[in-house]
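Residue numbers (mature numbering (1 follows the signal peptide of the UniProt record, and there is no 0)): -27 to -1, 1 to 306.
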Ligand code: AHR
């Protein structure tokens, strides 16, 4: 009895072990009920395609996303597109192949995303737009867009100028440094600013060109503006970095930034705020890069199948030199 029982137990143990090995192998190869999908282990993988590293704002945005992913326990696959749309499309296709749980990206330009967004939708991978939006008519191609109201930022900048120049009796010549051509912030900030300054016919944009959101671009284009235009009263730069580059060109031309040429920028990163506090800039409309924590929260909700709003707007403010002085000691980026 004892021997028989021992043989039976050994055979049973072998059978159980084989069954569990087969089950384990099947789990490793995918689940036949879900057409070969990996079993859901509760972990979340986020594929994020970043625009590039063109500005102080972008660096702060990248840091915010990386830190928030680590804090939320989300595995982050990160790609820097170096300001090229084709690199972003390639990165998104890779994330689809890798079957990440959620894809998020900050589109370098507004147009040309429909095909790749459809591919993600067909693969059942939800997409979240951060910072910049797309002009796709089909809003079902992405779950939400979290970021600033760029038209408002341009409008607030223009309204400040209208008030500042309310007693001007002659023409006020404005030059504009635009962001990356075709990008949402460049299109929208231009629009908002133009609409606001229309309130005073003395305010005229005499030159407008892209500086690609970089310091080098801002400096080079401002040099050309100064050469071509003997009287420049105001610079409207679509971000701090271009404004900071332009400062060098203005100073090199023997003019006093903030006085001879009034400077309005957008972002409010530390270097921009310092220039404002020093009186070299005159006004900044804030654009917050700290989108990471909110993005991770949304990623978790989307993965859990929760409904989220189609548009989530970032809270922002504006700064005068006095306000910049007060805010600088606590400015994190
Ligand atoms: O999309 C946000 C803009 O992109 C920021 O204003 C600018 O600094 C960045 O490069």
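C-beta: ideal position from N, C-alpha, C; glycine also. The model shown is predicted, which means the values in this text are computed figures rather than measured ones.
Set against 6 Å, the gap from the CB of residue 221 to the closest heavy atom of ligand 1 is not smaller.
No heavy atom of ligand 1 is found nearer than 6 Å to the CB of residue 60. Between the segment 118 to 126 and the segment 179 to 186, the count of C-beta pairs closer than 8 Å stays below three; the two stretches do not touch. At the C-beta level, residue 246 and residue 193 stay beyond 7 Å of one another. Residue 279 has its CB no nearer than 6 Å to any heavy atom of ligand 1. The closest heavy atom of ligand 1 lies 6 Å or more from the beta carbon of residue 161. When beta bridges are read from the DSSP output, residue 117 appears opposite 101. Distances between the C-beta of residue 261 and the heavy atoms of ligand 1 are all 6 Å or more. For ligand 1, no non-hydrogen atom lies closer than 6 Å to the CB of residue 84. Secondary structure note for residue 190: its alpha helix (DSSP H) is the uninterrupted segment 188 to 201.
As the crow flies, the alpha-carbon of residue 132 is around 10 Å from that of residue 165. Taken in chain order, the complete beta strand (DSSP E) segments of 3 or more residues contained in the segment 21 to 63 are 48 to 53. For residue 182, the uninterrupted beta strand (DSSP E) run begins and ends at 176 to 183, by DSSP. Residue 234 and residue 241 have their alpha carbons spaced roughly 19 Å apart. Close CB contacts of residue 304 within its chain, under the 7 Å cut and outside five residues either way in sequence, are with 243 and 246 (chain order). Shown here, residue 272 sits in a helix according to DSSP, grouped into three states.
With contact defined as three or more Cβ pairs closer than 8 Å, the segment 71 to 90 and the segment 19 to 28 are in contact. Considering only 273, 254 and 250, the residue with the shortest C-alpha distance to residue 302 is 250. When rounded, the separation of the alpha-carbon atoms in residue 148 and residue 236 is 10 Å. In the three-state reduction of the DSSP assignment, residue 170 falls in the helix class, which pools H, G and I. In this structure, residue 105 has its CB closer than 6 Å to one or more heavy atoms of ligand 1.
For residue 153, the secondary structure class from DSSP, reduced to helix, strand or coil, is coil.
Secondary structure note for residue 91: it is in no beta strand (DSSP E), and the uninterrupted alpha helix (DSSP H) holding it is 87 to 95. Of the residues assessed, residue 95 falls on the exposed side of the cut-off, its CB having fewer than 16 other CB atoms within 10 angstroms. DSSP, reduced to helix, strand and coil, places residue 126 within a helical segment of the structure shown. Residue 154 sits exposed, since fewer than 16 C-beta atoms from the chains shown fall within 10 Å of its C-beta. In this structure, the CA atom of residue 63 is about 32 Å from the CA atom of residue 218. Per DSSP, residue 206 is not a residue of any beta strand (DSSP E), being assigned neither H nor E.
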